[in-house]
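In what follows, a single structure is set out as structure tokens and then discussed.
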Amino acid sequence: MQAILRKIDSNDANSFVARTDRFSHFYNKWHFHPELELTYIIHGKGNRFVGDSIEFFEDGDLVLIGENLPHVWKNDSSYFEGRDDQIAMANVIQFLPKFFGETFYGLKELENIRTLFEKSTLGLRIEGETKVKVVHLMSKIFDTANSLNRLCILLEILELIAISNDLKQLSSQAFVDAYQKFDTQKINKVYEFTLNQYHRKILIEEAAIVANMSVPNFCKYFKSRTQKTYIQFLTEVRIGFACRMLIENKKSIQQIAFDCGFHNLSNFNRSFRLLKNQKPAEYKQVFGGLKS
Numbered sequence: 039m040q041a042i043l044r045k046i047d048s049n050d051a052n053s054f055v056a057r058t059d060r061f062s063h064f065y066n067k068w069h070f071h072p073e074l075e076l077t078y079i080i081h082g083k084g085n086r087f088v089g090d091s092i093e094f095f096e097d098g099d100l101v102l103i104g105e106n107l108p109h110v111w112k113n114d115s116s117y118f119e120g121r122d123d124q125i126a127m128a129n130v131i132q133f134l135p136k137f138f139g140e141t142f143y144g145l146k147e148l149e150n151i152r153t154l155f156e157k158s159t160l161g162l163r164i165e166g167e168t169k170v171k172v173v174h175l176m177s178k179i180f181d182t183a184n185s186l187n188r189l190c191i192l193l194e195i196l197e198l199i200a201i202s203n204d205l206k207q208l209s210s211q212a213f214v215d216a217y218q219k220f221d222t223q224k225i226n227k228v229y230e231f232t233l234n235q236y237h238r239k240i241l242i243e244e245a246a247i248v249a250n251m252s253v254p255n256f257c258k259y260f261k262s263r264t265q266k267t268y269i270q271f272l273t274e275v276r277i278g279f280a281c282r283m284l285i286e287n288k289k290s291i292q293q294i295a296f297d298c299g300f301h302n303l304s305n306f307n308r309s310f311r312l313l314k315n316q317k318p319a320e321y322k323q324v325f326g327g328l329k330s
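Residue numbers (my numbering): 39 to 330.
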């Protein structure tokens, strides 16, 4: 499978889409779309992939995704078991960069928002006091049926985010530049394959077959597109899922290592320390303790 150009449901009567998604699990395909997307997670947990960023998400996660930036919210496996107590729910606002018109978009007063849209091409996680204010304003959009009020609130949200210091860039510029420079079909197939198979031993020959390339050509291709080797990427994916499990604090570190595709505990510890600057046990103690 490849990253999907996902068509956003909309109508001619509204300049943007505001909806509440409520499913057993979030849309789980690596995808992109020309619309910017502001997503607030009401209920749900798992791992969020935005460009080359891999982070866990949970209730309260608030992210702005820029146009054509590949992403996916991948719920934990328990969300695919048909359990009644596992609900994925989010408020989502989607809009094109110039949804309020070409002339209006060019106004001096929209300078901060134009700059925000440029920053959003890397994905932005919104935190702190800004998140509290944005979530409150988003709820007002859902509570009013007046189209003009909804538009004014959205502009207020965007200006608030634009001037905030409570933002964290997600994807790297190098990934976005490389991803958009060439045809993306092969790399998308490899990403989807890896996200689905990370828990088992993966030979680089398998990834090369998915891309329909020889191993040497695949290694060069992947490095040119992502600025990292395939093994580095696979390790980052595995550590990302491991972080989620460590926070849940339900399994031993050794079991987590095996469940995430590491067949050697010392290798897991070493890889984790290189990526997170601390040992898995330290991470579990700090973040797992917050969840207890």
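The beta-carbon is built from N, C-alpha and C at its ideal position, and this holds for glycine as well. None of these values were measured; they are calculated from a predicted model.
Rounded to a whole number of angstroms, what is the C-alpha to C-alpha distance between N66 and V110?
So the two alpha carbons sit approximately 6 Å from each other.
Limits of the unbroken alpha helix (DSSP H) element including Q292:
That run of the alpha helix (DSSP H) goes 291–297.
If you follow the alpha helix (DSSP H) that T267 is part of, which residue opens it and which one closes it?
Neither: T267 is in no alpha helix (DSSP H) and is coded neither H nor E.
With DSSP run on the structure shown, which of helix, strand or coil describes T58?
DSSP places T58 within a strand segment (E or B) once states are collapsed to three.
Select from T182, V172, E75, G84 the residue whose C-alpha is nearest the C-alpha of F137.
From the listed residues T182, V172, E75, G84, the smallest Cα separation to F137 is found for E75.
Roughly how many whole angstroms lie between the Cα atoms of E156 and Q292?
C-alpha separation (whole angstroms): 42 Å.
Beta-carbon contacts of R121 that lie in its chain and below 6 Å, excluding the five residues immediately before and after:
Taken in chain order, the list of residues that qualify is empty.
Specify, as a first and last residue, the run of the alpha helix (DSSP H) that N305 falls within.
Boundaries of the alpha helix (DSSP H) harbouring N305: 303–314, taken from the DSSP string.
May I ask you to list the residues that DSSP assigns as paired with I164?
According to DSSP, I164 shares a beta bridge with L205.
Is any non-hydrogen atom of the ligand GTP found closer than 8 Å to the C-beta of V172, if you look at the structure I gave you?
Of ligands this structure carries none, so the ligand GTP is not represented either.
Residue nearest to V130 in terms of C-alpha spacing, selected from G98, K289, Q316
Closest by alpha carbon: G98.
Measuring only the C-alpha atoms, how far is I277 from S309?
Going from the Cα of I277 to the Cα of S309 covers about 8 Å.
Quick one: any contact between the stretch 273–290 and the stretch 82–91, if contact means 3 or more CB pairs under 8 Å?
Output reads yes: the stretch 82–91 touches the stretch 273–290.
Which word fits K329, buried or exposed, when buried means at least 16 other C-beta atoms lie within 10 angstroms of its C-beta?
The predicted model places K329 with a pLDDT of 48, which falls under 50 and marks its position as unreliable; any figure quoted below should be read in that light. Of the other Cβ atoms in all chains shown, fewer than 16 fall within 10 Å of the Cβ of K329; this residue is therefore exposed.
Between L241 and K169, which are expected to be in contact by the criterion C-beta below 8 Å, what is the C-beta distance as a whole number of angstroms?
Not quite, the Cβ-Cβ distance comes to about 42 Å (not below 8 Å), so this is no contact.
Is S202 close to chain C? Criterion is C-beta to C-beta, closer than 9 Å.
The structure shown contains no chain C; it holds only a single protein chain.
Where V173 and Y78 are concerned, what is the direct C-alpha to C-alpha distance, given to the nearest angstrom?
Separation of V173 and Y78 (C-alpha to C-alpha, rounded to the nearest whole angstrom) is 7 Å.
Starting from K239, trace the beta strand (DSSP E) both ways and give me its first and last residue.
In this chain, K239 is not harboured by any beta strand (DSSP E), its DSSP state being neither H nor E.
For L102, which beta-bridge partners are listed by DSSP?
DSSP lists L76, L162 as partners of L102.
May I have the straight-line CA-CA distance separating A126 from T267, to the nearest angstrom?
Distance from the CA of A126 to the CA of T267, rounded to the nearest whole angstrom, comes to 33 Å.
Check whether the stretch 286–306 touches the stretch 236–255, taking contact to mean three or more Cβ pairs, one atom from each stretch, closer than 8 Å.
The stretch 286–306 vs the stretch 236–255: in contact.
How many angstroms separate the CA atom of Y229 from the CA atom of W68?
When only Cα atoms are considered, Y229 and W68 end up about 8 Å apart.
DSSP three-state assignment for G84, whether helix, strand or coil:
DSSP places G84 in the strand class (E or B) of the three-state scheme.
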